[in-house]
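Below: the structure, in structure tokens.
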Amino acid sequence: MDDSLVRRIEQQCILRSGMHLGTGEVLYELHAGELLGSWDSRISIKPMREEHVADKMGRVQMHPCEPYLLVEASVHKVQLGHNVYGGPTVFLQAARDLVALVEMLLQTDLPAADHWTVHRVDVANVFDLTKPSIKQFFESMQLLSFPRRGKKAMKTANSVYFPGKTTTVKFYHKGPEFQVHDAGRLKRFFRILFSHLYGTDTQNHERVERKVRALQRLADRRLRVEVEIHADKLQYDFGRCPTAAELTDEYLQRIHDSEIERVLREGKQGMETVRTEEAVWQRLQSLYEPKRAHFLHACWQVMATRGDEKARERYSKTAFYRSRKLLEEAGVSWRGSDVFIVANDSPIHDFTPMRVDRRFCYLPARNRPEYQVSRDLMRLAA
Numbered sequence: 003m004d005d006s007l008v009r010r011i012e013q014q015c016i017l018r019s020g021m022h023l024g025t026g027e028v029l030y031e032l033h034a035g036e037l038l039g040s041w042d043s044r045i046s047i048k049p050m051r052e053e054h055v056a057d058k059m060g061r062v063q064m065h066p067c068e069p070y071l072l073v074e075a076s077v078h079k080v081q082l083g084h085n086v087y088g089g090p091t092v093f094l095q096a097a098r099d100l101v102a103l104v105e106m107l108l109q110t111d112l113p114a115a116d117h118w119t120v121h122r123v124d125v126a127n128v129f130d131l132t133k134p135s136i137k138q139f140f141e142s143m144q145l146l147s148f149p150r151r152g153k154k155a156m157k158t159a160n161s162v163y164f165p166g167k168t169t170t171v172k173f174y175h176k177g178p179e180f181q182v183h184d185a186g187r188l189k190r191f192f193r194i195l196f197s198h199l200y201g202t203d204t205q206n207h208e209r210v211e212r213k214v215r216a217l218q219r220l221a222d223r224r225l226r227v228e229v230e231i232h233a234d235k236l237q238y239d240f241g242r243c244p245t246a247a248e249l250t251d252e253y254l255q256r257i258h259d260s261e262i263e264r265v266l267r268e269g270k271q272g273m274e275t276v277r278t279e280e281a282v283w284q285r286l287q288s289l290y291e292p293k294r295a296h297f298l299h300a301c302w303q304v305m306a307t308r309g310d311e312k313a314r315e316r317y318s319k320t321a322f323y324r325s326r327k328l329l330e331e332a333g334v335s336w337r338g339s340d341v342f343i344v345a346n347d348s349p350i351h352d353f354t355p356m357r358v359d360r361r362f363c364y365l366p367a368r369n370r371p372e373y374q375v376s377r378d379l380m381r382l383a384a
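Counting in my numbering, the sequence shown runs from 3 upward without gaps.
This is the structure we're talking about:
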């Protein structure tokens, strides 16, 4: 970018925020620093004059370069103020919308979004489950072993996080995350919104509470599955960081699916996954000769009741990995089986966090006042 343009942007890199008067959500919040996490609703704008360069020994250091602009944001939260529902589905259009917004906020012409290089993309899928079912999902995840990502993995009652050099995989319950990071912020802006719309109406407080409660109820039923695709992965696949126009939606969803499938070791998507004791036994009998079917069934029972680590201790290394591979090829899962999960009101023995699952959210949010506003109000902006 032209140096004078970058200097002009630097002079404007102060904290600046705006609100959507139609919904009360935060539309944007510009600042010049790093984002705190994927829940951050701000837009980070950093004028840069150095870039990472690897020397002959493979060591990466910062070296002077032509000036450029680094922009980081959750386009989903920029559009709605939250990511409980909705959000962009076409990457190139999302990139264009973000660059157009930054242009407007900085009152500065920027290069066309199609030509910007992409250094990270977060691809998220969302599933509609009850709170007990989501709790059960994370309980079952505690029993799994993740050899390749396990050292840095983080598991909590409401989330599982697997960092990596090329990708990072995250599963989390949206309800607790919304309550901690979004609810208070949205309440403050809804107060401003309803004061603007209705003045000092005594019902404003109830309007604020009703709006946030509606979003919280929706968030409580959402399991969010995210894959961060890092620059290393993009450079490996494209030979360099691709432009926004080169990055296709098919590529992004394919990487998401393959990373989730790899982490969960759920086998082929095209085969219906079985995990109940009787269904597993029938599947193994139909695919393998009797002696092998009995051995694999015994291995499955150990992994379902004791977890991967105990099974690895019980069998030789060769036998364990060969058996696990055959179980995966058979479309058999030991995660969430009925052998060790206590029956409850919302069993999810048949759930898999992939797009093939019937609980995958792909339709727009319901047209209810708690979630939507009129188009006239949507046009209002601060």
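Glycine is no exception: its CB is placed at the ideal position from the N, C-alpha and C atoms.
Given the structure is predicted, the values throughout are model-derived calculations rather than measurements.
Assuming Pro49 and Pro66 make a contact with CB atoms under 8 Å, what is their CB distance in whole Å?
For the purposes of this step, residue 49 is taken as residue 47 along the sequence shown, with counting starting at 1. For the purposes of this step, residue 66 is taken as residue 64 along the sequence shown, with counting starting at 1. Separation of the CB atoms of Pro49 and Pro66 is rounded to 14 Å, and the pair is thereby denied contact status at 8 Å.
I'd like to know whether the C-beta of Phe173 is nearer than 8 Å to at least one C-beta of chain C.
Any reference to chain C falls outside this structure, which holds one protein chain only.
If I'm right that Phe192 touches Lys213 with Cβ under 8 Å, what's the distance once you round it to whole angstroms?
For this step, residue 192 is matched to residue 190 along the sequence shown. For this step, residue 213 is matched to residue 211 along the sequence shown. Right, the Cβ-Cβ distance comes to about 5 Å (below 8 Å), so this counts as a contact.
What residue ranges within the region 154 to 211 form continuous alpha helix (DSSP H) runs of no fewer than 4 residues, ordered along the chain?
176 to 183, 185 to 200
Quick check: Ala233 and Arg122, are their CB atoms within less than 8 Å of each other?
Here residue 233 refers to the residue found at position 231 when the sequence shown is read from its first residue. Here residue 122 refers to the residue found at position 120 when the sequence shown is read from its first residue. Yes; because the gap between Cβ atoms is below 8 Å, this pair is in contact.
Buried or exposed, going by whether 16 or more other CB atoms sit within 10 Å of the CB of Gln63?
One-based indexing of the sequence shown puts residue 63 at position 61. By the neighbour-count rule (16 or more Cβ atoms within 10 Å), Gln63 is not buried but exposed.
Hey, is the region 239 to 257 in contact with the region 173 to 185, meaning 3+ C-beta pairs nearer than 8 Å?
no
Helix or strand or just coil, what does DSSP make of Glu248?
Locating residue 248 in the sequence shown gives position 246, counting from the first residue. The answer is coil: DSSP assigns Glu248 none of H, G, I, E or B.
Please go through the region 110 to 150 and give each complete beta strand (DSSP E) segment of 3 or more residues, from N-terminal end onward.
123 to 130
Tell me, please, whether the region 101 to 117 touches the region 197 to 217 by the rule of three or more beta-carbon pairs shorter than 8 Å.
no
Asp5 to Pro165, Cα distance in whole Å?
Indexing the sequence shown from 1 puts residue 5 at position 3. Indexing the sequence shown from 1 puts residue 165 at position 163. Looking at the backbone, the Cα of Asp5 and that of Pro165 are separated by about 36 Å.
Check whether the region 324 to 333 and the region 298 to 315 are in contact - that is, three or more C-beta pairs closer than 8 Å.
yes
Can you tell me the Cα-Cα spacing of Lys79 and Val92, whole angstroms?
The count along the sequence shown starts at 1 and reaches residue 79 at position 77. The count along the sequence shown starts at 1 and reaches residue 92 at position 90. Those two C-alpha atoms are separated by around 15 Å.
Using only the alpha-carbon positions, how far apart do Tyr364 and Ala126 sit?
Here residue 364 refers to the residue found at position 362 when the sequence shown is read from its first residue. Here residue 126 refers to the residue found at position 124 when the sequence shown is read from its first residue. CA-to-CA, the gap between Tyr364 and Ala126 works out to about 11 Å.
Just verifying my parser: in three-state terms, what is the DSSP assignment at Phe322?
Mapped onto the sequence shown, residue 322 falls at position 320. In this structure, Phe322 counts as helix in the three-state DSSP scheme.
Looking at C-alpha atoms only, which residue of Asn160, Glu331, Thr158 is the closest neighbour of Glu263?
In the sequence shown, the residue the question calls residue 263 occupies position 261. Nearest option by C-alpha distance: Glu331.
Within the continuous alpha helix (DSSP H) that includes Arg10, where are the two ends?
Here residue 10 refers to the residue found at position 8 when the sequence shown is read from its first residue. Run containing Arg10: 5 to 12, per the alpha helix (DSSP H) assignment.
Does DSSP classify Arg314 as helix, strand or coil?
Locating residue 314 in the sequence shown gives position 312, where the first residue counts as 1. Helix.
I need the DSSP call for Pro292, collapsed to helix, strand or coil.
For the purposes of this step, residue 292 is taken as residue 290 along the sequence shown, with counting starting at 1. Reduced to three states, the DSSP call for Pro292 is helix.
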